[in-house]
Amino acid sequence: MTDQQPNAPLQETAFDSWRSISISLYMALVGYSVLVGIPVISTAWVNLLGFTEVEVGRVAGADLGGLSLGALFAAAVIAKLNRRHLVISSAIIAMAANGLCTISVDYDQVLWLRLMAGFGSGVFTAVSIATLGAASKPARSFNMLLFFFAFTQALEIYFLPKLSMNGIYTAFIVATLIGLPLVSWFPPRPISANKVFDPDLATTDNQPLHVPAYVPWLCLGAIVATYVNIGAYWTYIQLATIDTPADPDIVANVLWAASFFSVVACLFATFVSNRFGLARPLLITLVVQAAVVAMLATGITDLKIIVSVFMFNFLWIFIDVYQMSTIANVDKSGRFAALIPGAQGLGQIIGPNIAATILGMGLGYDAVFIMCACAVLTGMLIYLYMYIELRKVIPALADAA
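When you read off a place in the sequence shown, starting at 1, and then add 120, the result is the number in our numbering.
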């Protein structure tokens, strides 16, 4: 996917260097590591630390909520502070919190430590996403991110269950530590201090577009809604299969195999969007995802879990390609790109906590999956409204690839 016009070439900057893109991709993937591994991490919290299902929802919400808070902090200061300093300091916070988790198993302490770890990860993840968004071809950078995201998701789902709880925390520490010697590859500051987002006069492809101010905010709102679903579904999908006819071995294999299969979604999303644009395929995708989530509310079997998890992962990547690319099309400053992890994290605070509350009320996983489907449809309605409004004022942007 590209948003570049042949008659409007974009000048490459330090953000387009292979070093900048490489370190941004790596640190973003490290920052998202808890998010992608949360099904097996949540199961480990239950089996290895003895947390209840409700407590797992609270801890997952704290961890992924910290990601949101860190991203919001980064978005507020990224234009003023050296990005390298932000990454180093936040990485130290994340590693320290993960290290303390290896010596503390008390629920209340772990809850706050996971919030702290999430905050540190959120800061350097947001810096990484903003750096990718500042490239001259941000959609290409985000496609690369989601392509590798699928690979790392599969690897985590496969290998993390083989580790102890301390082994999981140590893996996060080591992954973060590996990136620190390469922090100098981050461009320290924006290319131009004058490159500040103007919601009334955004630019796409060096051509002036009077983009309504609500567009990036609606995108972020839709990301929150879709990640309410992702947060709840992905936190509890493995736990939900306990005491059901589903075979535990099949469930474990499906989780990592489906994660690897989602690599195909990046390629398919590119093919579809190049032919039909981003908006219309996304609206259909969200409806389908609501259906594959809601199907589990009628009971979990081997066949249903295979179909649901495979389709969920496939559509998850497809949706993220659209959401990141849309923001990249209307925001060249990196401000809203830096807020993407914040919106994702906010959804992942809300999702697991709503699910935990539903379970605490004794309504069961059927109600959780119905809630997930409703969250997806909420995101779909937001995008539908945005699409209809953009068709009136900027048809080219509404149907952009």
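Built from N, CA and C at the ideal position, the CB exists for glycine as well. Keep in mind that this is a model prediction, so the values were computed, not measured.
_Whole alpha helix (DSSP H) elements within the stretch 165–219, 4-residue minimum_ = 173–197
*asked:* With the cut-off set at 7 angstroms, would you say V174 and W165 are in Cβ contact?
replied: no
*Output the boundary residues of the alpha helix (DSSP H) element that contains F135.*
That residue, F135, is in no alpha helix (DSSP H); it is neither H nor E in DSSP.
*Under three-state DSSP, which class holds F438?*
helix
*Which whole-angstrom value is the C-beta distance of A237 and A274, which I expect to be below 8 angstroms?*
No, A237 and A274 are not in contact; Cβ-Cβ is about 23 angstroms, not under 8 angstroms.
*Can you list, in chain order, the residues of its chain whose CB lies under 6 angstroms from that of A377, leaving out five sequence neighbours each side?*
none
*Which whole-angstrom value describes the C-beta separation of A180 and P461, a residue pair presumed to lie in contact below a C-beta threshold of 8 angstroms?*
Going by Cβ atoms, the distance from A180 to P461 rounds to 16 angstroms, so no, they are not a contact pair.
*Spatial neighbours of G467 within its chain, please: CB distance less than 6 angstroms, with the 5 preceding and 5 following residues excluded, ordered by chain position.*
V344, Y347, V348, G351
*Can you tell me whether DSSP reads Q409 as helix, strand or coil?*
helix
*Can you have a look at L252 and say buried or exposed, based on whether 16 or more other CB atoms are within 10 angstroms of its CB?*
buried
*Any idea what DSSP makes of M506, helix, strand or coil?*
helix
*Would you decide whether I298 is buried or exposed? Buried here means 16 or more other CB atoms lie within 10 Å of its CB.*
exposed
*Roughly how many angstroms separate the alpha carbons of Y353 and P336, rounded to a whole number?*
26 angstroms
*Evaluate contact between the stretch 441–448 and the stretch 224–241, counting only Cβ atoms and requiring at least three cross-stretch pairs below 8 angstroms.*
no
_When you compare the CB positions of A493 and A414, do they come within less than 7 angstroms of one another, or not?_
yes
*Could you check if T361 is buried or exposed, using at least 16 other CB atoms within 10 Å of its CB as the buried criterion?*
buried
*asked:* Distance check for L184 and A385, CA to CA, integer angstroms please.
replied: 24 angstroms
*asked:* Considering just the uninterrupted stretch of the alpha helix (DSSP H) at P368, what are its terminal residues?
replied: 368–381
*Determine the burial state of M500: buried for a count of at least 16 other Cβ atoms within 10 Å of its Cβ, exposed for fewer.*
buried
*Cβ-Cβ distance between P308 and N202 below 7 angstroms*: yes
*Apart from the five residues on each side of it in sequence, which residues of its chain come closer than 7 angstroms, Cβ to Cβ, to P129?*
Note that P129 has pLDDT 45, beneath the 50 cutoff, so the model's placement of it is unreliable and the number below is only indicative. Within the same chain, P129 has no close Cβ partners at all.
_Please report the distance separating the alpha-carbon of A333 from that of Q464._
20 angstroms
*Alpha carbon to alpha carbon, how far is A191 from S241? Give it in angstroms, no decimals.*
8 angstroms
_Alpha-carbon spacing of Q327 relative to T405, whole angstroms_ = Here Q327 scores only 43 on pLDDT, less than 50, and its place in the model is too uncertain to base an answer on.
*Is the stretch 254–273 touching the stretch 209–227, taking contact as three or more C-beta pairs under 8 angstroms?*
no
*Q464, DSSP secondary structure in three states*: helix
*Drop a sphere of 10 angstroms on the beta-carbon of T418, count the other beta-carbons inside from all chains shown, and report buried for 16 or more, exposed for fewer.*
exposed
*Under a three-way DSSP split, which group does R234 fall into?*
helix
*Going by other Cβ atoms of all chains shown within 10 Å of its Cβ, with 16 needed for buried, is D440 buried or exposed?*
buried
*With a Cβ-Cβ cutoff of 7 angstroms, do A211 and L300 count as a contact?*
yes
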